[in-house]
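Asker: Structure provided below as structure tokens; questions to follow.
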Amino acid sequence: MKRQRKLVHVIRLPIRWGDMDAYNHVNNTIYFRYMEQARVEWMEGLGLLVRLGGDGPVIVNASCTFLKPMNYPGTVEVRTYVDPPGRSSVQTHMDMLIDGELYAEGAAKIVWTNTQTGKSIPLPDRLRALLEAA
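Residue numbers (this note's numbering): 8 to 141.
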């Protein structure tokens, strides 16, 4: 059973010719790039910019279940969902769809970290407020 997830961001990305591999479908590594772009745009939309020397998000694990192969040309819609936050982390989930049909499901755990010490720190107030909102 899936936990309560909250939709926080939707992005549409073009499938590029260079995303294809020798099997004539989007290479498995590119799915992680699509999810990365969705996370970055979501965070930047909140005003949480990743910059050297400060605090920021670190991905501690990532996964993807490939349900159907994607092909060029096309547009993939990446929907980002979050679980309730922990002290310093939040679990994200991504659905990747083409024309409303689910092609892949992904996940990544984000831990907020002090980049100087490498230690986890509490999530920023702005992010926590969004994650805890009803």
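All residues carry an ideal CB built from backbone N, CA and C; glycine is no exception.
Do you know whose CA, among Val17, Gly81, Ser70, lies nearest Gln44's CA?
Answerer: Val17
Asker: Spell out the partners DSSP gives Gln11 in its beta bridges.
Answerer: DSSP lists no partner for Gln11.
Asker: Counting Cβ pairs, one atom from each stretch, are 3 or more of them under 8 Å apart for the region 69 to 89 and the region 18 to 28?
Answerer: With the cut-off at 8 Å, the region 69 to 89 and the region 18 to 28 touch.
Asker: Take the Cβ of Tyr41 as the centre, count every other Cβ of all protein chains shown within 10 Å, and call the residue buried at 16 or more, exposed below.
Answerer: buried
Asker: Taking only the alpha-carbon atoms, compute the straight-line gap between Gly63 and Leu138 and give it to the nearest angstrom.
Answerer: 16 Å
Asker: Could you check if Tyr30 is buried or exposed, using at least 16 other CB atoms within 10 Å of its CB as the buried criterion?
Answerer: exposed
Asker: If you drop the 5 nearest sequence neighbours on each side, which residues of the same chain put their C-beta closer than 8 Å to that of His100?
Answerer: Setting aside the 5 residues that flank it on each side, His100 is surrounded in the same chain by Arg12, Thr87, Tyr88, Val89, Asp90, Glu112, Gly113, Ala114, each with a C-beta closer than 8 Å to its C-beta; the list follows chain order.
Asker: What is the DSSP secondary structure of Ala141, counted as helix, strand or coil?
Answerer: Reliability fails at Ala141, whose pLDDT of 42 lies under 50, so the model's placement of it is uncertain and the value that follows must be treated cautiously. Looking at Ala141 - three-state DSSP - the assignment turns out to be coil, as it is neither helix nor strand.
Asker: For Val118 and Val57, which I take to be in contact (beta-carbon distance under 8 Å), what is that distance rounded to the nearest angstrom?
Answerer: Incorrect: roughly 13 Å between the Cβ atoms, too far for contact.
Asker: Could you please give me the residues that DSSP links to Thr120 through a beta bridge?
Answerer: Gly63, Ser127
Asker: Between the alpha carbons of Gly125 and Lys116, how many angstroms are there, rounded?
Answerer: Going by C-alpha positions, Gly125 is about 16 Å away from Lys116.
Asker: Give the straight-line distance between the Cα atoms of Leu55 and Asp132, rounded to the nearest whole angstrom.
Answerer: Looking at the two C-alpha atoms, the distance is approximately 11 Å.
Asker: What did DSSP end up calling Ala111 once you bin it into helix, strand or coil?
Answerer: strand
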